[in-house]
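S.K.: Here it is: the structure, laid out below.
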Amino acid sequence: MRLDLAYDGTDFSGWARQPGRRTVCGVLEDTTSTVLRHDVSLTVAGRTDAGVHAAGQVAHADLPSSVDVAALPKRLARALPPDVRVFSARVVPAAFDARFAALRRHYEYRVTDAPSGAHPLRRLDTLSWPRPLDLGALNDASALLLGERDFCAFCRRREGATTIRELQRLVWEREGDVLTAFVSADAFCHSMVRSLVGALLAVGEGRKPVGWPASLLSLTSRSSAVTVAPPHGLSLVRVDYPADDELAARAAVTRNVRVVTSP
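As structure tokens, this is what we get:
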């Protein structure tokens, strides 16, 4: 079963279960298990950090064939808290894996440089920045980061996990006083998007030169000079998957440990 869902991350300690903490996975697994009277274990496309939102998260679970999957969103709507919602549930091929079969993830980061700060109705998903930001500088610096690189300078290392990623899109757009970073990659390592945004904001306000974020790609460990942007400006907005007959092959490729290829 594939679930498409969204949540306001404000009051969650991230996706992954943690003892004694309220997490998205914990709430969803416990609620779905209660509704179906069957233990449910979810695999998710992207394990978001505490305070990060999702408008287009994807998860999967294995369920008995007797479950009425089409009726599940309505049943869950009556049981879930208001800050998480399952929009659709459907049967998918056995080869579907929400995490490993994904082609790419799309995130957005919202920030405002309005002197008055974020609009009250958007304060929970928009970072208030105290200084003016140069859109041209942000995009010039972002363009230098694209491609398959080792982003260890922008990632919190996890044992056995690679920090090599293909950053496919990183572009900023401004609408009035609000700037949005559109970020897409085949996958992201821990804190990568927020670290990239933090480095780029230093460029946007004129504190660092345009080439500075890209210069950090030569480092072999996380850079202490990079400030991680606050989580509430970040949202996972979409996850892309291949056609059904390509799911197994994609999952096999993703599980391989990547190495940087010579240009």
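full-length UniProt numbering puts the first residue of the sequence shown at 1, with every later residue one more than the last. Just so you know, even glycine gets a beta-carbon here, dropped at the ideal spot from N, CA and C. Remember, predicted model here, so these are calculated numbers, not experimental data.
#1: Would you grab the beta carbon distance between Gly233 and Arg123 for me? Rounded to a whole angstrom, and I think it's under 8 Å.
#2: Mapping DSSP to helix, strand and coil, what is Gly147?
#3: Please state if the CB of Leu167 and the CB of Leu146 are separated by a distance shorter than 7 Å.
#4: What does the alpha-carbon distance come out to for the pair Thr32 and Ala50?
#5: Considering only their Cβ atoms, is the gap separating Phe151 from Thr163 smaller than 7 Å?
#6: Would you identify the three-state DSSP class for Arg165, choosing helix, strand or coil?
#7: Out of Leu219, Ser195 and Leu28, which one is the CA nearest neighbour of Leu80?
#8: Our contact map puts Arg169 next to Ser184 with C-beta atoms below 8 Å; I'd like the distance itself, whole angstroms only.
#9: Report the residue from Val40, Asp11 and His60 whose alpha carbon sits nearest the alpha carbon of Gly1.
#10: Which full runs of the alpha helix (DSSP H) of 4+ residues lie inside the region 165-239, going along the chain?
#11: On the criterion of 16 or more Cβ atoms from any shown chain inside 10 Å, does Pro231 qualify as buried, or is it exposed?
#12: At the level of alpha carbons, what is the spacing between Arg99 and Glu108?
#13: Taking the straight line between their C-alpha atoms, what separation do you get for Phe96 and Arg131?
#14: Between which two residues does the alpha helix (DSSP H) containing Val86 stretch?
#15: From Ser195 to Phe154, what does the alpha carbon distance come to, in whole angstroms?
#16: Distance, Cα to Cα, Trp172 vs Leu247?
#17: Quick one: using the 10 Å Cβ neighbour count with 16 as the cut-off for buried, is Asp113 buried or exposed?
#18: Check whether the Cβ atoms of residue 290 and Ser235 lie closer than 7 Å to each other.
M.R.: Checking against the coordinates, here is how it stands:
#1: What you label residue 233 is simply residue 233 of the sequence shown in a count that begins at 1. What you label residue 123 is simply residue 123 of the sequence shown in a count that begins at 1. The Cβ separation is near 11 Å, so there is no contact.
#2: Within the sequence shown, numbered from 1, the residue matching residue 147 stands at position 147. Three-state result, Gly147: strand.
#3: Working through the sequence shown from its first residue, we reach residue 146 at position 146. Working through the sequence shown from its first residue, we reach residue 167 at position 167. Yes, Cβ-Cβ distance for Leu146 and Leu167 is below 7 Å.
#4: Reading the sequence shown from its first residue, position 32 is the one you call residue 32. Reading the sequence shown from its first residue, position 50 is the one you call residue 50. C-alpha separation (whole angstroms): 22 Å.
#5: For the purposes of this step, residue 163 is identified with residue 163 of the sequence shown, where counting begins at 1. For the purposes of this step, residue 151 is identified with residue 151 of the sequence shown, where counting begins at 1. Yes. Within cutoff.
#6: Here residue 165 corresponds to residue number 165 of the sequence shown, with the count starting at 1. Correct three-state label for Arg165: strand.
#7: Translated into the one-based positions of the sequence shown, residue 80 becomes position 80. It is Leu28 whose Cα lies nearest to the Cα of Leu80.
#8: In the sequence shown, counting from the first residue as 1, residue 169 sits at position 169. In the sequence shown, counting from the first residue as 1, residue 184 sits at position 184. Contact flag correct, Cβ pair sits at about 4 Å.
#9: As a working mapping, residue 1 is identified with position 1 in the sequence shown. Looking at the sequence provided, one finds Met at residue 1 rather than Gly. Checked all of Val40, Asp11 and His60; the closest Cα to Met1 is His60.
#10: 192-204 and 212-215
#11: Counting from one through the sequence shown, the residue named residue 231 turns up at place 231. It is buried - the Cβ of Pro231 has at least 16 other Cβ atoms within 10 Å.
#12: As a working note, residue 99 is residue 99 in the sequence shown. As a working note, residue 108 is residue 108 in the sequence shown. The straight-line gap from Cα to Cα measures roughly 19 Å.
#13: Stepping through the sequence shown from its first residue, residue 96 is reached at position 96. Stepping through the sequence shown from its first residue, residue 131 is reached at position 131. Looking at the two C-alpha atoms, the distance is approximately 45 Å.
#14: Here the question's residue 86 lines up with position 86 in the sequence shown. Segment Val84 to Arg90 is the beta strand (DSSP E) holding Val86; no alpha helix (DSSP H) there.
#15: Working through the sequence shown from its first residue, we reach residue 195 at position 195. Working through the sequence shown from its first residue, we reach residue 154 at position 154. One C-alpha to the other measures close to 5 Å.
#16: In the sequence shown, counting from the first residue as 1, residue 172 sits at position 172. In the sequence shown, counting from the first residue as 1, residue 247 sits at position 247. If you take the alpha carbons of Trp172 and Leu247, they lie about 31 Å apart.
#17: The sequence position of residue 113 within the sequence shown is 113, counting from 1. Asp113 comes out buried.
#18: Since the first residue shown for the chain is 1 and the last is 263, residue 290 is missing from the structure and cannot be characterised.
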